[in-house]
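Right, one structure below, let's go through it.
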Amino acid sequence: MPAITELDNSQSLFDKLMKIKKDSGLCYQSLIEKSTELVDKINTIQELKAEKNAVILAHTYVIPEIIYGVSDFVGDSYALSKDAVNTPAQTIVFASVRFMGETAKILNPHKDVLMPATDGGCTLADAINAEQVRKLRAQYPDYTFVCYINTTAEVKAECDVCVTSANVFKVVENLPNDKIYFLPDRMMGQNLIEEMKRRGIKKDIKYFSGTCYVHEEYTLEQLLDMKKRFPNALVAAHPECQPAVCQKSDFIGSTSQIFKYIKESPNKEFLMLTECGLGARLNMEYPDKKIVGTCTFCKYMKSNTLDDIIRVLKNPTPEDYITVSENVRIKAIKSIEAMFEYAEK
Ligand code: SF4
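According to the numbering used here, the sequence shown is numbered sequentially starting from 36.
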C-alpha cells in the first residue's frame, strides 16, 4: 500500500493542530509539541530519501509515525521484499526486523539494505541456526525441510523450500514428499498438521520447538472469555497462535490475509489475535470496523524509530548494512524460488 508521505500532508496536520487553542488542555498541548517534533523529523527523512535515492519499507507491526509519515510501502515481509525489487531506488531502508532485511538483500543483491531497528531480533528467527538444521537433516534424511520465512539467510540456505504464513498450507500440500520437517515454529507446525488432516491429506509432519513470543501469549481461556464479552465479534488469528486458539477462530491467516478478510467482511466487530500494529492500521484505514479486545506489542518491531531512520540515512555504520555472503545467498534464493513453484501450482 503506498503510504501517505507527501510533505504537505504532514504540514496540513501540523497546521490543523496549531489552530487548537493553547489553553484547551494539557493533553492537546503535548500533542502539539509532539507533532512539531514529528513534522521536523518526517520532513528531514523525506529530504534524505530524495537525496540518497532511497525507499522506506515498513512492516505492518512498526510504529504509526513510520507507516503513515515516511514509508513508501507497507505490508508483510515477503510482499515488501518483492516491492523492493520493483523500485528503481538504490537504497532500501527496511523498518522491520533482521530476517526481513536479509530476505530483501537475498532478492536485491545489488542494492544497499539498511536496518534502522536497534533490536532487530525475532524469537522465531533466533530459535534455530544453520548447524542445528544440518544435524536435523542428518537425523531425518528422507524428509523435505520446509522453513518459515522467519529464519536467517543461513537457515534458509540449508532448507529445501521456504514458506510464508500466507502460503504454508498450499506449499506443503503440493510438495511431492509425504515426509516433512517444518521449522522453526512449533505452533505453525501443529496448525499445519491440523490443516492437512482437515484437507484429507496424509503427511508425516515433524516440527521444531521455536515460538513467537507475541502470538504464543494468546490462550484458549482468554479467547473464550473474550467471545463471551463480544459475542458479535468474528475472530481472526495468525497461524503463529496456538492450535487450540486457531481452531476456535473464524479465520486464520497472515497479516495481509487478515487485513483483507476484515476489510471485505460485512461484519463490523472483530477480535484480532496478532501484533497491535495490524489493528491500529485497520482502525485508521477502516474506521467503520471495530477491533475489540486485546493485542500484543512486538518489542523488536517497535524498536524502529524515526530517529533511527534519520541516523541510517545520514551516517550509516557498517552494522546498519544487511550483508549476506554470496554462497549463502545463492542457496537461500533456491528455497525461495521453490516456494513460488509450489505456491503457484
Ligand atoms: S511478532 Fe513474533 S514473529 Fe514477528 S518479529 Fe516479533 S517475535 Fe518475530
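Each residue gets a CB set at the ideal place from its N, CA and C atoms; glycine is no exception. This structure is a prediction, so every number in the text was calculated from the model and none was measured.
Is it a yes or a no for the region 252 to 271 touching the region 232 to 244, going by three-plus beta-carbon pairs under 8 Å?
Too few Cβ pairs lie closer than 8 Å, so no.
Assess, as a yes-or-no matter, whether the region 252 to 259 is touched by the region 218 to 233 under the definition of 3 or more beta carbon pairs within less than 8 Å.
No contact exists between the region 218 to 233 and the region 252 to 259.
For Y175 versus Y216, is the C-beta distance shorter than 7 Å?
Yes.
Of the choices L149, N121, K380, whose alpha-carbon is the least far from that of D343?
For the residues L149, N121, K380, the minimum Cα distance to D343 belongs to L149.
Is any non-hydrogen atom of the ligand SF4 found closer than 6 Å to the C-beta of T158, if you look at the structure I gave you?
T158: yes, Cβ under 6 Å from the ligand SF4.
May I ask you to verify whether the region 345 to 355 touches the region 175 to 188, counting CB pairs closer than 8 Å and requiring at least 3?
Two segments are said to touch when three or more pairs of C-beta atoms, one from each, lie closer than 8 Å; by this definition the region 345 to 355 does not touch the region 175 to 188.
Is the CB-CB distance between P274 and G245 below 7 Å?
Not in contact: P274 and G245 (Cβ atoms no closer than 7 Å).
Does the region 334 to 341 touch the region 122 to 141, meaning 3 or more C-beta pairs lie closer than 8 Å?
Contact between the region 122 to 141 and the region 334 to 341 is present, because at least three Cβ pairs lie under 8 Å.
Mind checking whether the beta-carbon of Y335 lies closer than 6 Å to any heavy atom of the ligand SF4?
With a threshold of 6 Å, the Cβ atom of Y335 counts as near the ligand SF4, since some heavy atom of the ligand is closer than that.
Terminal residues of the alpha helix (DSSP H) in which G104 lies
Residues 99 to 104.
Proximity below 7 Å, CB of T79 to CB of I345
Yes, the Cβ-Cβ distance between T79 and I345 is below 7 Å.
By the three-class DSSP mapping on this structure, what secondary structure does V359 have?
Here V359 sits in coil by DSSP.
Would you tell me roughly how many angstroms separate the C-alpha atoms of A271 and M135, rounded to the nearest one?
It is roughly 24 Å from the alpha-carbon of A271 to the alpha-carbon of M135.
Closest to I98 by C-alpha separation, out of T179, D75, A279, A152, would be which residue?
Ranking the options by Cα distance to I98, first place goes to A152.
Does the beta-carbon of I77 have 16 or more other beta-carbons within 10 angstroms, so that it is buried, or is it exposed?
With a threshold of 16 other beta carbon atoms within 10 Å, I77 meets it and is buried.
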